[in-house]
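This report concerns only the one structure given below.
In my numbering, the protein residues as written are 56 to 430.
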């Protein structure tokens with residue numbers, strides 16, 4: 056029996072693996088940080104034998120409220136990821152599983168590898184409407200890549216989309232892949248209409264270092280990028296520094312920052328109601344966006360979400376708040392579940408990569424609804 060996580064986005068520590076019924080594991084913390092929740096590992100063992108894998112010390116994890124009701128994902132071929140029987144007792148997550156093949160992968164959510172990321176942006180650049188630009192290097196010397204989709208023109212609105220500030224939230228890049236795929240479809244009327252009057256600036260992965268290292272929430276040196284937007288630095292948060300530099304250069308009329316939430320089993324958005332510059336026009340744009348997305352897909356809802364900030368008391372170190380305030384624009388954080396969408400449950404797959412991709416495609420309908428009124 057072999058358990059390993061020595062691969063892209065891998066994360067697990069083996070404490071004991073004496074037999075299939077006695078496997079005890081721990082999740083490693085992000086480098087220079089106390090955050091831990093993301094796991095991704097391979098089990099190679101005897102097929103058709105019941106295995107009990109126990110991941111412990113989760114009462115001290117980043118988001119203990121994320122474990123009740125959660126089901127781990129598994130895959131034999133690293134393409135199809137399905138949910139497996141999982142139990143949480145307040146501190147230990149137990150996965151009961153009988154493998155049908157010699158090796159099986161387990162993860163917190165369907166991984167989005169750095170290799171797939173490179174394939175994705177390389178393929179996108181081959182479209183007539185897309186250009187791949189280099190914003191700078193991360194601390195581990197990886198590219199911070201920007202996709203510019205549409206012909207740039209001062210009169211066009213500038214729509215920014217970023218994903219995976221928190222690297223363990225891999226659903227964010229799955230969503231962006233679906234959105235870009237539709238936006239580059241020359242036969243899609245919504246895409247053609249959008250690109251006639253708007254330019255999209257898309258960063259599919261804001262945190263490639265943390266993604267490759269198997270981190271939940273931070274970059275190579277333990278920095279939570281989504282708390283760096285007020286005073287980013289090249290020493291701690293070059294990813295945010297270079298992104299803001301590009302935003303200042305090109306302009307911003309709308310911003311969507313894509314994330315995943317550990318505890319809430321819903322898709323929802325968080326706005327900028329607490330920003331000092333929040334006004335009636337921004338409120339109207341927020342409502343129009345939400346109403347359009349509610350019409351476009353039953354996967355979205357606006358009942359459950361985060362508490363709204365009091366007026367003038369927003370945390371301006373957070374990306375969506377900072378960008379909304381800095382550029383006086385419509386700015387939303389979009390959250391997806393690690394669990395399932397409780398409004399449309401799927402016992403076999405839960406909230407999944409294909410559903411993320413579809414939500415990305417549907418987002419373009421909501422963006423189109425508000426784009427004419429962004430300025």
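We put the CB at the ideal spot given by N, CA and C, even for glycine.
Proximity of residue i and residue j at Cβ, strictly below 9 angstroms
i	j	result
residue 98	residue 159	yes
residue 260	residue 200	yes
residue 255	residue 203	yes
residue 150	residue 107	yes
residue 341	residue 366	no
residue 288	residue 168	no
residue 393	residue 316	yes
residue 257	residue 190	no
residue 141	residue 96	no
residue 217	residue 355	no
residue 269	residue 406	no
residue 137	residue 125	no
residue 162	residue 117	no
residue 408	residue 252	no
residue 343	residue 428	yes
residue 412	residue 230	yes
residue 421	residue 347	yes
residue 165	residue 130	yes
residue 111	residue 77	no
residue 330	residue 369	yes
residue 192	residue 293	yes
Candidates the options: closest to residue i by CA position
i	options	result
residue 390	366, 322, 165, 305	322
residue 373	312, 411, 418, 362	312
residue 349	165, 276, 424, 385	424
residue 83	404, 428, 223, 334	223
residue 170	197, 193, 184	197
residue 386	156, 72, 308, 61	308
residue 174	228, 78, 285	228
residue 219	87, 243, 140, 271	271
residue 194	86, 330, 426, 69	86
residue 90	72, 184, 113, 225	113
residue 357	336, 320, 375	320
residue 185	172, 166, 413, 205	205
residue 415	314, 376, 377, 68	314
residue 399	388, 326, 352	352
residue 179	338, 164, 241	241
residue 332	299, 134, 75, 384	384
residue 75	62, 109, 371, 375	109
residue 232	430, 177, 210	177
residue 264	115, 286, 221, 368	221
residue 62	146, 293, 267	267
residue 157	147, 102, 401	102
residue 362	243, 132, 326	326
residue 135	72, 209, 410	410
residue 243	430, 336, 417	417
residue 334	380, 104, 210, 275	380
residue 132	79, 155, 297	155
residue 360	337, 388, 336	388
residue 336	297, 286, 115, 430	430
Cutoff 8 angstroms; reference residue i; Cβ partners in own chain excluding five residues on either side
i	result
residue 306	213, 382
residue 284	295, 299, 371, 372, 373, 374, 376, 377, 378
Own chain residues within Cβ distance below 7 angstroms of residue i, not counting five before or after
i	result
residue 419	234, 237, 238, 245, 246, 249
residue 119	113
residue 318	118, 120, 121
residue 404	137, 138
residue 183	none
residue 395	320, 401, 405, 406
residue 72	56, 58, 78
DSSP bridge partner residues for residue i (one or two, in chain order)
i	result
residue 309	214, 385
residue 161	96, 129
residue 203	186, 256
residue 191	199
residue 443	Because the chain here runs from 56 to 430, residue 443 falls outside it and cannot be looked at.
residue 390	314, 323
residue 109	79, 149
residue 355	322
residue 59	97
residue 278	In DSSP, residue 278 forms no bridge with anything.
6 angstroms CB neighbourhood of residue i in its chain, flanking five on each side removed
i	result
residue 88	273, 277
residue 207	254
residue 225	164, 166, 167
residue 68	81, 83
is_contact[residue i, chain B] using C-beta, thresh 9 angstroms
i	result
residue 199	Within the model displayed, chain B is absent; a lone protein chain is all it includes.
Ordered list of beta strand (DSSP E) runs contained in the segment 287-331, each at least 3 residues
309-316, 323-325
At 3 residues or longer, what runs of the beta strand (DSSP E) sit wholly inside the segment 222-251?
none
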